[in-house]
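With my numbering applied, the sequence shown corresponds to residues 796 to 1077, in that order. For glycine and all other residues, C-beta sits at the position ideal for the given N, C-alpha and C.
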Amino acid sequence: MTIAVTGATGQLGRLIIARLKETVPASGIVALVRSPAKAADLGVEAREADYGNPDALSRALAGVDTLLLISSNEIGQRAAQHRNVVNAAKAAGVGRIVYTSLLHADRSPLSLAEEHRVTEADIQASGIPFTILRNGWYTENHTGSVGAALAGGAFIGSAGDGKISSATRADYADAAVAVLTGTGHEGKIYELAGDEAVTLAELAAEISRQSGKDIPYRNLPEADYAAILAGFGLPEAFAKGIASWDADASKGALFDDGHQLSALIGRPTTPLSAAVAAALPR
């Protein structure tokens, strides 16, 4: 069996490739990337696959049994890019598609959700057997700001008291590998989220506990948070997006207590304390 992974040189993709190699022979894994040179260290076959080149995608997918379509990071272009991959998979005779979507994509208010809804529909309409992995928030989306919080003396955001059921990329990688290498997942849609739901104030408290510094959580109006992020150098549209996702989280958009992720990977998801420890500056 040949398993191909799109976005294999991304943060999630690299974890999945590494974990797949622990389970199946490297000869049965294909990394689909825009630049094969960047995949040289993965230890598997790398094929050039440009989302905008359907012919190249069809060639790259030749002989692939199972395709993991990791969602593109190009917000606003993803629906069209994913459709190219799905169409190429159908043309190449791929036997199964596994797709990383968004938690509760069918009803999520997040601006990210619509492109995922479109791709889910495209996959289901393709006639190719599928599994949808609706990944919740990555813990790293917030712990990536630990250094800035320590430097600035506060953790800022717009999520209020919203509970966020995040999990680490490693947790989601293990879920993907479980589905790619397991059986009984055809036609299923998994809502994947962390076992532990926390507020950003609780995250700030954990940072304070582990760092020995007083790092309070400072909740900001959405527009103010977006302006601060833009001031840090983020593109304005992206800054507004991050702030809006926090605002949606304040209303419960990133909460889930179904524990499907831990059930799928056969272990508890990574606790916040461990994620913060990994993010603290050394």
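### Query
Roughly how many whole angstroms lie between the Cα atoms of R873 and S866?
Translated into the one-based positions of the sequence shown, residue 873 becomes position 78. Translated into the one-based positions of the sequence shown, residue 866 becomes position 71. Distance between the alpha carbons of R873 and S866: 7 angstroms.
### Query
Going along the chain, which residues of its own chain have a beta-carbon closer than 6 angstroms to the beta-carbon of E910, five neighbours each way excluded?
Translated into positions along the sequence shown, residue 910 becomes position 115. Excluding sequence neighbours, E910 sits near R873 and A874.
### Message
In the DSSP assignment, the alpha helix (DSSP H) including R829 goes from what residue to what residue?
### Response
As a position in the sequence shown, residue 829 is number 34, starting the count at 1. First-last for R829: undefined, no H or E at that position.
### Ordered list of beta strand (DSSP E) runs contained in the stretch 873-929, each at least 3 residues
891-897
#### Entry: Host beta strand (DSSP E) of T804 (start-end)
Walking along the sequence shown from the start, residue 804 turns up at place 9. Neither: T804 is in no beta strand (DSSP E) and is coded neither H nor E.
### Query
Between L987 and Q1055, is the Cβ-Cβ spacing less than 8 angstroms?
Here residue 987 refers to the residue found at position 192 when the sequence shown is read from its first residue. Here residue 1055 refers to the residue found at position 260 when the sequence shown is read from its first residue. Closer than 8 angstroms, so yes.
### Task
Identify, in the order they occur along the chain, each residue of the same chain with its Cβ nearer than 7 angstroms to the Cβ of T938, setting aside the five sequence neighbours on each side.
What you label residue 938 is simply residue 143 of the sequence shown in a count that begins at 1. The answer, listed in chain order, is A1070, V1071 and A1074.
### Message
Strictly by DSSP, which residues pair up with V859?
### Response
Counting from one through the sequence shown, the residue named residue 859 turns up at place 64. Answer is none; V859 lacks a bridge partner.
### Task
Check whether the stretch 967-981 touches the stretch 1008-1018, taking contact to mean three or more Cβ pairs, one atom from each stretch, closer than 8 angstroms.
no
### Message
Could you pull the DSSP bridge partners for L987 from this structure?
### Response
As a working mapping, residue 987 is identified with position 192 in the sequence shown. DSSP, once it has assigned bridges, lists N930 as partnering L987.
### Task
Return the chain-ordered list of same chain residues with a C-beta closer than 6 angstroms to the C-beta of G989, the five sequence neighbours on each side being excluded.
As a working mapping, residue 989 is identified with position 194 in the sequence shown. Cβ within range, chain order: S960, S961, A962 and T1064.
### Query
Between which two residues does the beta strand (DSSP E) harbouring I951 extend?
Translated into positions along the sequence shown, residue 951 becomes position 156. It spans F950 to G952 - the beta strand (DSSP E) in which I951 sits, taken as one unbroken run.
### Task
Would you kindly work out how many angstroms separate the C-alpha atoms of P831 and P820, rounded to a whole number?
On the sequence shown, position 36 is the one that residue 831 refers to. On the sequence shown, position 25 is the one that residue 820 refers to. C-alpha separation (whole angstroms): 20 angstroms.
### Message
Pop quiz: T804 and K833 are said to be a contact at Cβ under 8 angstroms. What is the actual Cβ separation, rounded to whole angstroms?
### Response
Locating residue 804 in the sequence shown gives position 9, where the first residue counts as 1. Locating residue 833 in the sequence shown gives position 38, where the first residue counts as 1. That belief holds up - the Cβ atoms of T804 and K833 are roughly 5 angstroms apart, short of 8 angstroms.
### Reduced DSSP secondary structure (H/G/I, E/B, other) of N1014
In the sequence shown, the residue the question calls residue 1014 occupies position 219. Here N1014 sits in strand by DSSP.
### Task
Tell me where the beta strand (DSSP E) around R842 begins and ends.
One-based indexing of the sequence shown puts residue 842 at position 47. Here the beta strand (DSSP E) through R842 covers E840 to E843.
#### Entry: Short Cβ contact (8 angstroms threshold) for S953 with A1042
For the purposes of this step, residue 953 is identified with residue 158 of the sequence shown, where counting begins at 1. For the purposes of this step, residue 1042 is identified with residue 247 of the sequence shown, where counting begins at 1. Their beta carbons are under 8 angstroms apart, which means S953 touches A1042 by this criterion.
### Message
Could you tell me the alpha carbon to alpha carbon distance between D860 and R912, rounded to whole angstroms?
### Response
Here residue 860 refers to the residue found at position 65 of the sequence shown. Here residue 912 refers to the residue found at position 117 of the sequence shown. Straight-line Cα distance between these residues: approximately 24 angstroms.
### Task
Would you grab the beta carbon distance between Y894 and L928 for me? Rounded to a whole angstrom, and I think it's under 8 angstroms.
The residue given as residue 894 occupies position 99 in the sequence shown. The residue given as residue 928 occupies position 133 in the sequence shown. The Cβ separation is near 7 angstroms, so the contact holds.
### Task
Sort out for me which residues DSSP pairs A962 with in a bridge.
The residue you call residue 962 lines up with position 167 of the sequence shown. Partner(s): Y933.
### Buried/exposed call for I1060, threshold 16 Cβ in 10 Å
To locate residue 1060, count along the sequence shown from 1; it is residue 265. Buried, since its Cβ has 16 or more Cβ neighbours within 10 Å.
### Task
Return the chain-ordered list of same chain residues with a C-beta closer than 6 angstroms to the C-beta of A841, the five sequence neighbours on each side being excluded.
Position 46 of the sequence shown, counted from the first residue, corresponds to residue 841. Excluding sequence neighbours, A841 sits near A826, V828, P831 and A834.
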